[in-house]
Amino acid sequence: MTEYSSLVEILQNKALEKPNNIAYRFLQDGQTESGSLTYSELDRQAKAIAAELQSLLQPGSRALLVYPYHAGLEFISSFFGCLYAGIIAVTTNPPRHGKEVAKLLERATASGAKVVITTAEFLKTINTGIAINRELATQTKDFIFLATDTLPSDLSTNWQATKIERDTLAFLQYTSGSTGISKGVMVTHGNLIANEEMIRQGFQHTEETIVVGWLPMFHDMGLIGNVLQPLYLGTPSILMSPVSLAQKPFEWLKAISHYQATSSGGPNFAYDLLCLKATPENLAGLDLSSWSVAFSGAETVRAETIDRFSHIFKPCGFRREAFYPCYGMAETTLLISGGLRDDPPVIKYVDGNALEQNRVVAAKPEQKDAKAIVGCGRTWLDQKAIIVDPQSLTQCSSDGVGEIWVSGSGVGKGYWQQPEETENTFNAYLADTKEGPFLRTGDLGFIEDGELYITGRLKEVMIFWGRYCYPQHVEKTVQDSHPALRPNCGAAFSLDVDTTERLVIVQEVERSYLRKLNIEEIVEVICQSVGQVHEVEAYAIALLKTGSIPKTSSGKIQRRGCKAQFLSGDLNIVAKWQQSHSAGKNVTEIVNLSD
Numbered sequence: 141m142t143e144y145s146s147l148v149e150i151l152q153n154k155a156l157e158k159p160n161n162i163a164y165r166f167l168q169d170g171q172t173e174s175g176s177l178t179y180s181e182l183d184r185q186a187k188a189i190a191a192e193l194q195s196l197l198q199p200g201s202r203a204l205l206v207y208p209y210h211a212g213l214e215f216i217s218s219f220f221g222c223l224y225a226g227i228i229a230v231t232t233n234p235p236r237h238g239k240e241v242a243k244l245l246e247r248a249t250a251s252g253a254k255v256v257i258t259t260a261e262f263l264k265t266i267n268t269g270i271a272i273n274r275e276l277a278t279q280t281k282d283f284i285f286l287a288t289d290t291l292p293s294d295l296s297t298n299w300q301a302t303k304i305e306r307d308t309l310a311f312l313q314y315t316s317g318s319t320g321i322s323k324g325v326m327v328t329h330g331n332l333i334a335n336e337e338m339i340r341q342g343f344q345h346t347e348e349t350i351v352v353g354w355l356p357m358f359h360d361m362g363l364i365g366n367v368l369q370p371l372y373l374g375t376p377s378i379l380m381s382p383v384s385l386a387q388k389p390f391e392w393l394k395a396i397s398h399y400q401a402t403s404s405g406g407p408n409f410a411y412d413l414l415c416l417k418a419t420p421e422n423l424a425g426l427d428l429s430s431w432s433v434a435f436s437g438a439e440t441v442r443a444e445t446i447d448r449f450s451h452i453f454k455p456c457g458f459r460r461e462a463f464y465p466c467y468g469m470a471e472t473t474l475l476i477s478g479g480l481r482d483d484p485p486v487i488k489y490v491d492g493n494a495l496e497q498n499r500v501v502a503a504k505p506e507q508k509d510a511k512a513i514v515g516c517g518r519t520w521l522d523q524k525a526i527i528v529d530p531q532s533l534t535q536c537s538s539d540g541v542g543e544i545w546v547s548g549s550g551v552g553k554g555y556w557q558q559p560e561e562t563e564n565t566f567n568a569y570l571a572d573t574k575e576g577p578f579l580r581t582g583d584l585g586f587i588e589d590g591e592l593y594i595t596g597r598l599k600e601v602m603i604f605w606g607r608y609c610y611p612q613h614v615e616k617t618v619q620d621s622h623p624a625l626r627p628n629c630g631a632a633f634s635l636d637v638d639t640t641e642r643l644v645i646v647q648e649v650e651r652s653y654l655r656k657l658n659i660e661e662i663v664e665v666i667c668q669s670v671g672q673v674h675e676v677e678a679y680a681i682a683l684l685k686t687g688s689i690p691k692t693s694s695g696k697i698q699r700r701g702c703k704a705q706f707l708s709g710d711l712n713i714v715a716k717w718q719q720s721h722s723a724g725k726n727v728t729e730i731v732n733l734s735d
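Numbers given in my numbering equal positions in the sequence shown, counted from 1, plus 140.
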């Protein structure tokens, strides 16, 4: 591959080499191609937007990008417009209605962005949200709102080239907020190019690669994987709104089949959703034989999902070997580790009781307490991952579970204007050897034969009677216990009750069960299952309305958000069970709020 210093250089090169080749196509409803961009068109649009931004801001200033899901091509043009102008792009999810505009402007304020760029249509939504809130109207009087789809293309002639190097900040990539407050990771052009090369090598992408993507473009996997990776390769990308997956999930697979895509993927829940919606009618006519990289990341990759999806879609030409479990995070631009393409997923069975003691002990699949852990591959290029005891800050033994620490050229420069958080997270050193700096991921795992396995989150691990208990394991047990409980839509966390850590479960109910909910039966089966599998007693169970559990924009459960809303009473609860102590006895009370 050619050595580049910036994404601007890459796009300009593609615009010269293959000006009329289509870089991006957008499927408006998941089916209909509503627009496309060639490399020369993208280059021209980016220059026009950059010229306007240069008239408003100095290089190094920030601009907030907020685009509706259906305006994917406009988002791409504006993102590159920021890069061409030397402006630091700040990505964010679009507010669903006027009342959410306040959150959007909080991010603008936190990043120091004075310009908000969007479409003319979406600007009306933003203005409506501001109009109904006097405080917002006061806060935004100094903001500049720019509708990029109304700018004339001949503005491109006014663009002035800006010096951009590998260390130049490209954008602020905000963390998902699944385990706390969202923070803006400072990502440079060098970080991006290094990570794109890691993805290229790990996924074994070539000039024949065709990408189909539905993930939000403000999300790291959507932007780095589905938008920038194809540009880096000089190959086409077919994009659709994430709303398409929610409403008609099979449009994703139809697009792969129609365009004969080779690389596509998403979090584990997306594969589960397809399995749930699979019918002979949906499978008819699908040709998934071209799909060679079905990447799965951003949340726990489940062995059961791999097996189920591979079995259901094998008649459509899908190969189990196409599954590509990987691991990454916003702080490392995107990718940390991934396997070898065409190798089957690596699944290791370990003793669950030993795992709770932070030890790795091999087990047989049929063993009572066996846990299936999916391997997430190895690191690439100069990226390095080690396993560290979070207490002693020394490396764990080969059979020990610890915090995953990472170093390498894909690691961002820290959190925007958060020096203390940056120091704690990005500048870790081993206590004995002083090796570093490393990024502390906050994730727990182990490495065996070069393969990285993720076991949970350091900050989310619960401790009951001195034993570690992983929330994702409890959640899986709960969701398997009764058909009324929605897969991938629950959270387990602990509360301190009378100086004792107690287990709380919040779980969505399938819509078809809401009207005739047998609460006593569901509570009983959850308590029995969790008690038998994890030897933990549930303290409280909240059953939620379908589609109401707090999630990040990429579909990850926000366990901290669930805990906060449980305590504040803001969850959309249809039934609640909780232990109370009366006269020295455990008394259970069921409150049915569905009537």
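Virtual Cβ for every residue (Gly too), placed ideally from N, Cα, C.
Residues near residue i in its chain [Cβ-Cβ closer than 6 Å; skip 5 each side]
| i | result |
| --- | --- |
| Leu579 | Glu471, Val546, Val551, Phe566 |
| Ile339 | Gln369, Leu475 |
| Thr595 | Val541, Leu584, Gly585 |
| Glu650 | Ala624, Arg626 |
| Asp482 | Glu461 |
| Met602 | Cys609, Ser634 |
CA-to-CA distance, residue j to residue i, given in whole angstroms
| i | j | result |
| --- | --- | --- |
| Gly425 | Ala502 | 42 Å |
| Asp735 | Lys656 | Model confidence at Asp735 stands at a pLDDT of 43, short of 50, so the residue's coordinates are unreliable; what they give is reported in the following sentence. Looking at the two C-alpha atoms, the distance is approximately 10 Å. |
| Glu444 | Ser201 | 47 Å |
| Ala334 | Glu664 | 51 Å |
| Ser296 | Ser688 | 45 Å |
| Trp299 | Asn366 | 27 Å |
| Asp289 | Leu204 | 15 Å |
| Ser634 | Asn493 | 19 Å |
| Ile604 | Arg597 | According to the sequence shown, residue 604 is Phe rather than Ile. Between Phe604 and Arg597, the C-alpha separation is close to 16 Å. |
| Thr562 | Leu625 | 39 Å |
| Ser251 | Trp556 | 7 Å |
| Ser322 | Thr328 | 19 Å |
| Trp431 | Gln400 | 7 Å |
| Val646 | Lys599 | 18 Å |
| Leu684 | His622 | 15 Å |
| Thr284 | Lys254 | Position check: residue 284 holds Ile in this sequence, whereas Thr was assumed. Going from the Cα of Ile284 to the Cα of Lys254 covers about 6 Å. |
Residue closest to residue i, alpha-carbon to alpha-carbon, out of the options
| i | options | result |
| --- | --- | --- |
| Thr259 | His210, Lys187, Ala287 | Ala287 |
| Lys388 | Gln152, Val351, Leu167, Ala678 | Leu167 |
| Asp529 | Asp282, Leu570, Leu393, Met469 | Leu570 |
| Ala155 | Gly170, Asn331, Glu181, Ala229 | Glu181 |
| Ala510 | Gln194, Thr265, Val490 | Val490 |
| Ala680 | Val714, Arg700, Arg642, Ser694 | Arg642 |
| Lys281 | Leu245, Ser251, Ser293, Asp522 | Leu245 |
| Ile257 | Ala277, Leu428, Asn233 | Asn233 |
| Gln558 | Ser669, Gly548, Leu263, Met326 | Met326 |
| Gly508 | Phe706, Leu193, Gln672, Gln152 | The sequence shown places Lys at residue 508, not Gly. The option with the nearest alpha carbon to Lys508 is Gln672. |
| Cys667 | Glu600, Val618, Tyr314 | Val618 |
| Thr692 | Ile587, Leu414, Tyr314, Asp589 | Tyr314 |
| Val383 | Ala253, Asn712, Gly695 | Gly695 |
| Gly590 | Asp572, Asn628, Ser538 | Ser538 |
| Ser176 | Asn422, Glu275, Ser217, Gln194 | Ser217 |
Where residue i sits in the DSSP three-state scheme
| i | result |
| --- | --- |
| Glu348 | coil |
| Val148 | helix |
| Gly353 | strand |
| Leu368 | helix |
| Tyr164 | strand |
| Leu475 | strand |
| Leu733 | Bear in mind that the predicted position of Leu733 carries a pLDDT of just 49, short of 50, making it unreliable; the figure below should be weighed with that in mind. It is coil, neither helix nor strand. |
| Thr519 | coil |
| Asn309 | A quick correction: the sequence has Leu, not Asn, at residue 309. Strand at Leu309. |
| Lys725 | Per-residue confidence for Lys725 stands at a pLDDT of 45, beneath the threshold of 50, marking its modelled position as unreliable; no derived number is given. |
| Trp392 | helix |
| Asp447 | helix |
| Phe458 | coil |
Bridge partners - residue i, DSSP secondary structure assignment
| i | result |
| --- | --- |
| Asp583 | Arg597 |
| Phe604 | Arg607 |
| Val255 | Ala203, Ile284 |
| Ile228 | Arg202 |
| Val490 | Ala502, Lys511 |
| Gln194 | Gln194 pairs with nothing; no bridge assigned. |
| Val546 | Ala525, Leu579 |
Proximity test, residue i beta-carbon vs the ligand FAD heavy atom, cut-off 6 Å
| i | result |
| --- | --- |
| Ala155 | This structure does not include the ligand FAD; it has no bound ligands of any sort. |
Close beta carbons around residue i, own chain, < 7 Å, minus the five adjacent residues each side
| i | result |
| --- | --- |
| Glu347 | Leu373, Gly374, Thr375 |
| Pro484 | Arg460, Glu461 |
| Leu428 | Leu393, Ile396, Ser397, Phe453, Cys456, Gly457, Phe458 |
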